[in-house]
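Number of protein chains: 4
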Amino acid sequence: METLKGRTDLAVELREDIEEKEEQGLDGISVVTKMDEKTGVKETRIIVENENGEKLLGKPIGNYITIEGEDLSEGDEDYHRPIAEAVFGQLKQLLEGKESILVAGLGNREITPDALGPFVVDNLYITRHLLKEKIISHKKSISAFVPGVMAQTGIETVELIRTVANEVKPDMLLVVDALAARSANRLNTTIQISDTGIVPGSGVGNHRNAITEETMHIPVIAIGVPTVISVPAILYEAMETMMELFKDLPIGKRMEAWSEEDKRQLSYEVCNKRLAEMFVTPKNVDEAIKRMSYTISEAINAYIMEG
Amino acid sequence: METLKGRTDLAVELREDIEEKEEQGLDGISVVTKMDEKTGVKETRIIVENENGEKLLGKPIGNYITIEGEDLSEGDEDYHRPIAEAVFGQLKQLLEGKESILVAGLGNREITPDALGPFVVDNLYITRHLLKEKIISHKKSISAFVPGVMAQTGIETVELIRTVANEVKPDMLLVVDALAARSANRLNTTIQISDTGIVPGSGVGNHRNAITEETMHIPVIAIGVPTVISVPAILYEAMETMMELFKDLPIGKRMEAWSEEDKRQLSYEVCNKRLAEMFVTPKNVDEAIKRMSYTISEAINAYIMEG
Amino acid sequence: METLKGRTDLAVELREDIEEKEEQGLDGISVVTKMDEKTGVKETRIIVENENGEKLLGKPIGNYITIEGEDLSEGDEDYHRPIAEAVFGQLKQLLEGKESILVAGLGNREITPDALGPFVVDNLYITRHLLKEKIISHKKSISAFVPGVMAQTGIETVELIRTVANEVKPDMLLVVDALAARSANRLNTTIQISDTGIVPGSGVGNHRNAITEETMHIPVIAIGVPTVISVPAILYEAMETMMELFKDLPIGKRMEAWSEEDKRQLSYEVCNKRLAEMFVTPKNVDEAIKRMSYTISEAINAYIMEG
Amino acid sequence: METLKGRTDLAVELREDIEEKEEQGLDGISVVTKMDEKTGVKETRIIVENENGEKLLGKPIGNYITIEGEDLSEGDEDYHRPIAEAVFGQLKQLLEGKESILVAGLGNREITPDALGPFVVDNLYITRHLLKEKIISHKKSISAFVPGVMAQTGIETVELIRTVANEVKPDMLLVVDALAARSANRLNTTIQISDTGIVPGSGVGNHRNAITEETMHIPVIAIGVPTVISVPAILYEAMETMMELFKDLPIGKRMEAWSEEDKRQLSYEVCNKRLAEMFVTPKNVDEAIKRMSYTISEAINAYIMEG
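Protein chains in written order, with the numbering used here: chain A, 1 to 307; chain B, 1001 to 1307; chain C, 2001 to 2307; chain D, 3001 to 3307.
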């Protein structure tokens, strides 16, 4: 949840904004959608192809895969299997040929909606030490750790991960983190996988705190699930609904002229400092986080066990 | 959190509304405030004296005591002692002469912001069985239980409490529950104690689901802490801030004419069904609930241990 | 874990003792064993048929079904399905025709190895309130509650359950509780189901604290899992191993003459008071309890969902 | 709990063995005991002075301070203050002049009796990042992390700590870990502080897995609390009690001739493999670990806050 203050960490939500603005072809952004009728699982791949795409979407060049299932936050165990299988399928492609993987479970274990990363690490089937001691003869080696957040450790998370990666020397770094979304419907129902790593804030350009191939010197895959909505994002949404309700009044017309930036600014202004630090979660957040982390670790475990 | 959908369960917040509306004396509502300069603890007693007061405040006739401490949600252990002492002082008055007390810890233990009641019960020093078996020779007998919520038990919470109260036959029932507030500043910083029990919803009149002397046939004291804000309450607040910002525009003038009911209605309309079921909490909610429940159980334990 | 001090709550373990003593037919006890080769699940039904059987086994007349799976405490999810199905099969027989069931989750939620009952209740699909409000049209009504232990409530657990059962008026009471075993191999790998309810201590005769058809006035099914071994039980086992090692020495011969009661007495004597209050658990106890409780609730849910 | 299989990690318990054997002066081991009559806190300093002392005690040259309080595992909050103050006093001496400290919380957070280290880290007041960003102007910088255990990470814990220490470059490493004891009376009532770091197993000599000044290149202080007894240790104790009971029989005389090693060997033999992997804990282990970790973190926080 590094980017909690941002409106959304989801490429699919960022793209919805563009869609509304520009109906012409989007130079530098391509989108492929796949729906499995039987399981109801929807996969969307957004490819940011060039600098123009970066500017449009506010995300660096790379692949952003979204896996969605209507009832992913529900308790129906059987439903999670197709999702775990879809995540496994994507990981298989992205990790192809990588035989040693280090997983970093980002976030704060003591704040439920931020605990996705630590919980995923808790459920992994770790093999690196068993391979080194020749207890098993798998090909794929997996190691993992929970770096904690700076308020708990006093150490920059990025430095901690780089340091451990230098020691373990994996082929690939997999970072798992909780994300912020804009829409209540996507909370705990969507998994985003990208090959660009994690770039805090608006996301484009060179960042000291980024966890990317550039800063880590190995490829980085990021897996995330939106678990919270920020209060300003809620207010922004409400403002858009109000504009719709008011559209025939003079104020409605006036608001239509506002830029997205104006509206975002107002969302912050109508929200006092204390409120801006709160977040919005569904009631079943504890259970939903446990389920989603289990689904992700199951997919990673399946990749490891495969051979 | 029975009344989560309502805007606030706090008598002090309801009174702020009236204050704004009517500057004349409030017939049927009296207020006494006490501030301890040394500890920073503020106690407010709102007395609803008659039916007019009920109508004005939307709460039944009785006493509503609010104990507030600026930094009550913070980790500073020493701060909680004066709060616990203030709660103890109020309980001592309200429970005077009652020698056997049954505590019901309302709420859902698995949803952190709703777990206040169960957590308070976990920390109580229970004496009833020790007295019956003459292991100790205290005068005051305390028993307690956690009824759960209807979604977990399939049984009406009120029926469950009445049934257990009939069996245990205490002099007094003490119910502890998490509340909803309107203001972010009051979350996990305020304790409300009342001698009217718990009445769901708008709170006046005869209710099948009320936990009151009328339904329980013994006096009922309710202790609560606001732990969440509902999303519509956040939107309502934002709307008021916007009205302030827009006050010189025609829309601002128009909005000023809206009744409170109009504004509340709009808050719901700009908020989709899924959002309306979410709630807003501070990040440190897990820790804050643990602290507040500890503070309350310490106050109850002090009353029991006293003799 | 009412009977923690006893050596074992498992009928199968009690029967092993008899086996050793008497090789002739056991009048009043019959045993049927069934092994599913494919799944590795073993079901043993011990029937106590008459008073002689009661005396021999130290358990009241009735059926004691044990479901065992070698690796039941392991993390392999797929393994739990056959176990849950075996439990479902037994429940189906025992509950036949019962349309309204009340589940009581016994034990102390705050002591991990005693939390089986509360955890099972947490995972149940409760229908009673949905049926009453005609939200669903199932035939089977299930309600549930967690009575807590006397140290937490000050109220006799049996009284609390009877009181709630009188209010809810189910056709059948299902009590779930953690048990004590004698053998480390059975911890968290065995489920015992019986139609005699729960009788504390040595188990035969009339008991004020029993949860049985006699005290509850409705049929009672008990489901339990052994989660701890008591320290005296460990010492007793060790003594038997020592006797075996020493069997050619004079002391060994002397010890052979000891009655079971003598040995049990010595186990307590070599064990100081503080040790006698401790218990022995496997390292993975937190995870094992979660899994076993999930397996049991899945079986109960399957019975409810069936129609 | 690296040395769980060993009988005890406590220097005070090892010394009791020697005492029994040799009544003459112990060359190489000196002991100073201090009792605070008012608070009931007892401090014992065992100094291993030379190689002979190492051989006698089975612990490397250095200081072993034990802080004991009869009722340390009990819920009486006030009692913990004198203990925290005693720990603070010892830390002050041992850390003198060290301005930057890295704390490593060893152990497995998911196994309650092994979670002491992680829980201590959870409660620390971390300053390193605040100092770097000049948000506060303390002198003392503290950072912390939870390395996990090899089964969770696949990475040697020692390597992980050395790697992070190389990055953070503290003046001093403080490792916190759960220990094994022999006596039930010391569980969760004793804190051991030593300036020798942590050396797995019997403890003397050069160890690849040791966390010591030799392997870390900075001074190492270890703080531990015994939280479990191993099953073989329980059996060993029982055997000694039996010998006492049998002392007038021929077997008793025979057993007296056994060496400690013989008895230890027998303890393992009468204990099957599965039992040997279990551990013995008091019922209140969850609460006791929380309290003890809070007491230790309070002492460390006091040292940091001091200036």
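Backbone N, C-alpha and C fix where the C-beta goes; we use that ideal spot for every residue, glycine too.
In chain A, no part has a C-beta under 7 Å from the C-beta of I1289 of chain B; the shortest such distance is about 11 Å.
Judged by their CB atoms, I3218 of chain D and I3198 of chain D are not nearer to each other than the 7 Å cut-off. Between P2113 of chain C and L2179 of chain C, the C-beta spacing is not below 7 Å. Not a single CB atom of chain C sits nearer than 7 Å to the CB of G1107 of chain B. Rounded to the nearest whole angstrom, the CA to CA distance from I3101 of chain D to A3302 of chain D is 14 Å. Only residues of its own chain outside the window of five on either side were considered, and among them S1030, N1063 have a CB closer than 6 Å to the CB of I1047 of chain B, listed in chain order.
Under the 10 Å beta carbon count, Q1093 of chain B is surrounded by fewer than 16 other beta carbons and is classified as exposed.
Look at the segment 3152 to 3166 of chain D: the residues with a C-beta under 9 Å from a C-beta of chain A are Q3152, T3153, G3154, I3155, E3156, E3159, L3160, R3162, T3163, V3164, N3166. The shortest C-alpha to C-alpha distance from M1278 of chain B to any of A:T281, A:N166, A:E306 is the one to A:T281. Apart from the 5 residues on each side of it in sequence, I126 of chain A sits with its Cβ closer than 7 Å to the Cβ of I142, S143, A144 in its chain, given in chain order.
Pairing T66 of chain A with V12 of chain A gives a Cβ-Cβ distance under 7 Å. A84 of chain A sits close to T295 of chain A, with the two beta carbons spaced by under 7 Å. For R274 of chain A, at least one C-beta of chain B is nearer than 7 Å to its own C-beta.
Rounded to whole angstroms, the Cβ separation of V3146 of chain D and P3118 of chain D is 5 Å, and the two are in contact under 8 Å.
Taking a Cβ-Cβ threshold of 7 Å, the residues of chain A close to M3150 of chain D are H129, in chain order.
Below the 8 Å Cβ cutoff, chain D contributes D3122 as neighbours of E110 of chain A, in chain order. The beta carbon of A11 of chain A does not come within 7 Å of any beta carbon belonging to chain D, so the residue lies off that interface. Counting along the chain, D122 of chain A sits inside the alpha helix (DSSP H) bounded by residues 116 to 122. When DSSP states are grouped into helix, strand and coil, Y1064 of chain B belongs to the strand group. Chain-order list of chain D residues neighbouring A2233 of chain C: empty, with the shortest C-beta distance near 11 Å, by a criterion of under 9 Å.
Note that the C-beta distance between K1283 of chain B and I229 of chain A is not below 7 Å. Cβ neighbours of H1080 of chain B within its own chain (closer than 6 Å, five residues either side excluded): T1295. For A1144 of chain B, the C-beta contacts it makes with chain C under 9 Å involve G2148, Q2152, T2153, G2154, I2155, in order along the chain.
In this chain, G58 of chain A is not harboured by any alpha helix (DSSP H), its DSSP state being neither H nor E. DSSP lists B:K1042 as the beta-bridge partner residues of M1035 of chain B. No residue range can be given for D195 of chain A, since it is assigned to no alpha helix (DSSP H) and is classified by DSSP as neither H nor E. In this model, M239 of chain A and S267 of chain A are separated by some 8 Å (Cα to Cα). Taken atom to atom, the span from the alpha-carbon of G2105 of chain C to that of D2177 of chain C is near 7 Å. Contact check for V1220 of chain B against A1276 of chain B fails: the beta carbons are separated by 7 Å or more.
Here S2100 of chain C is bridged, per DSSP, to C:S2141. P3060 of chain D is a Cβ neighbour of E3054 of chain D, given a cutoff of 7 Å. DSSP, reduced to helix, strand and coil, places V3149 of chain D outside both helices and strands of the structure shown, so it counts as coil. The beta-bridge partner set that DSSP reports for L2275 of chain C is empty. The shortest CA-to-CA distance from D2009 of chain C to any of C:R2045, C:Q2192, C:D2122 is the one to C:Q2192. Here the alpha carbons of E16 of chain A and E156 of chain A stand approximately 33 Å from one another.
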